[in-house]
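All remarks here apply to the structure that follows.
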Amino acid sequence: FRYDVALVSALKDLEEDIMEGLKESGMEDSACTSGFSVMIKESCDGMGDVSEKHGGGPVVPEKAVRFSFTIMSVSVLADEKEEEVTIFTEPKPNSELSCKPLCLTFVDESDHETLTAILWPIVAERNAMKESRLILPIGGLPRSFRFHFRGTGYDEKMVREMEGLEASGSTYICTLCDSSRAEASQNMVLHSVTRSHEENLDRYEIWRTNPFSESVEELRERVKGVSAKPFMETHPTLDALHCDIGNATEFYKIFQDEIGEVYEKVNPSREERRSWRAALDKQLRNKMKLKPVMRMNGNYARKLMTMEAVEVVCELVPSEERREALRELMRLYLQMKPVWRATCPAKECPDQLCRYSFNSQR
């Protein structure tokens, strides 16, 4: 669909909600004809294999990609007012019902050239809309809307593709900052978001032109892994699922180390480490019906990150002191978890939110 047409259609669907919101805010209907702003969440993901399992058709890639958007909120700045008032907030921002498909296409998300060719018109339309206003009759009066786009609905693979970063195996492990694997393993606490679309574009120019005539290694270090032209602005975030998965992966390693009392050993052999892992897998399978997985997934992560699982692991940990430390670590984790699982932490778990930073440093 044309992006502007799709947005008009989505806003018309919300007409009643917008009018309701104006009423509730006590806004005089006629006063609010301009100053509306709309926050759009953009998402894009590969849909995997969509091939027909029988019958012959035209030869197209059997993978599909879907680009979609969600209207997150509508706010209005009334003529004489200082502050914006939010008159509509999407109650279920992660539901597929609020997520409007804009473009469904047969293309493999790994095929960079074809993907960029197909999505390029979307980028152009979106850039045009950033600068302009849309006038649309809502509740019988023409009203003027401006749009703000936030590309937060991308997984890491797609962010790397859109922003010109190297693929996931890269030394530069983060899509938010310049940290390399080695640096990240040294510094576990202090990180800040430093990458941006503009910076990525600048770095690509440096990569392309090599103004300081450096070697490939030096150049790569300078541009921190940007080696293709970024073509769509994204705002990557860590979603709750991957937060669960990342933490569980780390705990799974800790459990193995504690079973093998790694703190007493100097450079344990691979065989030793393998035996600790086997012991952990066997214990989790017997006591918790948790089958080992090749790659950590959400269901495994949620079952592993419980007090029950810690107690099961503690049966294999020799030292009482270390067992208590493991329990305490899991207690802290479970106190912090509601904060990233909640849609609105300030409302749903204010106490945990207040303690969050303190807990994370302990």
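No gaps in the numbering here: position 73 of the sequence shown is 73 in my numbering, and each next residue is one more.
Note that beta-carbon positions come from the ideal geometry of N, C-alpha and C, so glycine has one too.
Top-ranked residue by Cα proximity to Glu83, from Phe36, Asn127, Ser179 and Val59: Within the sequence shown, residue 83 is the residue found at index 83, counting from 1. Scanning Phe36, Asn127, Ser179 and Val59 for the CA closest to the CA of Glu83 turns up Phe36.
Below 8 Å between beta carbons: does that hold for Met19 and Gly169? By 1-based counting over the sequence shown, the position of residue 19 is 19. By 1-based counting over the sequence shown, the position of residue 169 is 169. Result no, Cβ atoms of Met19 and Gly169 do not sit closer than 8 Å.
Helix, strand or coil: how does DSSP classify Lys303 here? Counting from 1 along the sequence shown, the entry for residue 303 is found at position 303. Correct three-state label for Lys303: helix.
Please classify Cys354 as buried or exposed, where buried requires at least 16 neighbouring CB atoms within 10 angstroms. Residue 354 sits at position 354 when you count from the first residue of the sequence shown. By the neighbour-count rule (16 or more Cβ atoms within 10 Å), Cys354 is not buried but exposed.
Just the C-alpha distance for Thr209 and Val59, rounded to the nearest angstrom, thanks. On the sequence shown, position 209 is the one that residue 209 refers to. On the sequence shown, position 59 is the one that residue 59 refers to. The C-alpha of Val59 is placed about 39 Å away from the C-alpha of Thr209.
Determine the closest residue to Leu133 out of Ile87, Val38, Trp207 and Leu22, with distance taken between C-alpha atoms. As a first step, residue 133 must be located in the sequence shown, where it is residue number 133. Looking at the sequence shown, residue 133 is not Leu but Arg. When each option's Cα is compared against that of Arg133, the closest is Val38.
By how many angstroms is the C-alpha of Met47 removed from the C-alpha of Asn187? Residue mapping note: residue 187 aligns to position 187 of the sequence shown, counting from 1. Residue mapping note: residue 47 aligns to position 47 of the sequence shown, counting from 1. Distance between the alpha carbons of Asn187 and Met47: 36 Å.
Sequence-distant residues of the same chain with beta carbon closer than 7 Å to Phe67, five excluded per side: For the purposes of this step, residue 67 is identified with residue 67 of the sequence shown, where counting begins at 1. Excluding residues within five positions, the ones whose Cβ falls inside 7 Å are Cys44, Leu102, Cys103, Leu119 and Ile122.
With distances taken Cα to Cα, identify the nearest neighbour of Gln335 among Gln352, Val74, Glu324 and Pro345. One-based indexing of the sequence shown puts residue 335 at position 335. Comparing Cα-Cα distances from Gln335 to each of Gln352, Val74, Glu324 and Pro345, the minimum goes to Gln352.
Entirely within the region 202 to 230 and at least 4 residues each: give me those alpha helix (DSSP H) ranges in chain order. Within the region 202 to 230, the complete alpha helix (DSSP H) runs of at least 4 residues are 216 to 223.
Work out the CA separation of Leu77 and Glu404 for me, nearest whole Å. Look at the range of the chain in this structure, 1 to 362, and you will see that residue 404 is not part of it.
Less than 8 Å between the CB atoms is what I'm expecting for Thr237 and Thr152, so what's the real figure, rounded? Position 237 of the sequence shown, counted from the start, is the residue given in the question as residue 237. Position 152 of the sequence shown, counted from the start, is the residue given in the question as residue 152. That belief holds up - the Cβ atoms of Thr237 and Thr152 are roughly 5 Å apart, short of 8 Å.
Would you kindly work out how many angstroms separate the C-alpha atoms of Leu241 and Ser73, rounded to a whole number? Taking the sequence shown and counting its residues from 1, the one referred to as residue 241 is at position 241. Taking the sequence shown and counting its residues from 1, the one referred to as residue 73 is at position 73. Roughly 23 Å between the two C-alpha positions.
State the DSSP-derived secondary structure class of Phe1, mapped to helix, strand or coil. Working through the sequence shown from its first residue, we reach residue 1 at position 1. Coil at Phe1, not helix or strand.
Taking Met330 as the reference, give the member of Glu96, Leu97 and Leu304 with the closest Cα. Taking the first residue of the sequence shown as position 1, residue 330 is located at position 330. Out of Glu96, Leu97 and Leu304, Leu304 has the C-alpha closest to the C-alpha of Met330.
Taking the alpha helix (DSSP H) that Met330 belongs to, which residues open and close that run? Within the sequence shown, residue 330 is the residue found at index 330, counting from 1. Element bounds for Met330: Glu320 to Arg341.
Endpoints, the alpha helix (DSSP H) within which Arg160 is located: Within the sequence shown, residue 160 is the residue found at index 160, counting from 1. Boundaries of the alpha helix (DSSP H) harbouring Arg160: Glu156 to Met162, taken from the DSSP string.
Where the beta strand (DSSP E) through Met72 begins and ends: Your numbering for residue 72 matches position 72 in the sequence shown. Segment Lys63 to Val76, the beta strand (DSSP E) holding Met72.
If you run the structure through DSSP and keep just helix, strand and coil, what is Val312? To locate residue 312, count along the sequence shown from 1; it is residue 312. Here DSSP, grouped into helix, strand and coil, assigns Val312 to helix.
Identity of the residues DSSP links to His112 by a beta bridge: As a first step, residue 112 must be located in the sequence shown, where it is residue number 112. According to DSSP, residue pairing for His112 in a beta bridge does not occur.
When the distance is taken between beta carbons, is Tyr154 closer than 8 Å to Met162? Counting from one through the sequence shown, the residue named residue 162 turns up at place 162. Counting from one through the sequence shown, the residue named residue 154 turns up at place 154. With respect to the 8 Å criterion, Met162 and Tyr154 are classified as neighbours on the basis of their beta carbons.
Below 8 Å, can you find three or more Cβ-Cβ pairs linking the region 221 to 240 to the region 258 to 277? Contact between the region 221 to 240 and the region 258 to 277 is absent, because fewer than three Cβ pairs lie under 8 Å.
With 16 other Cβ atoms within 10 Å as the buried cut-off, status of Leu141: Along the sequence shown, one-based indexing puts residue 141 at 141. Leu141 should be labelled exposed.
Terminal residues of the alpha helix (DSSP H) in which Asp244 lies: Working through the sequence shown from its first residue, we reach residue 244 at position 244. Taken as a continuous stretch (DSSP letters only), the alpha helix (DSSP H) holding Asp244 covers Ala240 to Ile259.
Same chain only: Cβ atoms within 7 Å of Met364, ignoring 5 sequence neighbours per side: Lying before the first or after the last residue shown, residue 364 is absent from the chain, which here runs from 1 to 362.
Closest by CA to Glu166, which one among Gly21, Tyr204, Ala301 and Glu24? In the sequence shown, counting from the first residue as 1, residue 166 sits at position 166. Checked all of Gly21, Tyr204, Ala301 and Glu24; the closest Cα to Glu166 is Tyr204.
Per DSSP, Cys177 is paired with what? Counted from its first residue, the sequence shown places residue 177 at position 177. Residue pairing by DSSP places Cys177 in no beta bridge whatsoever.
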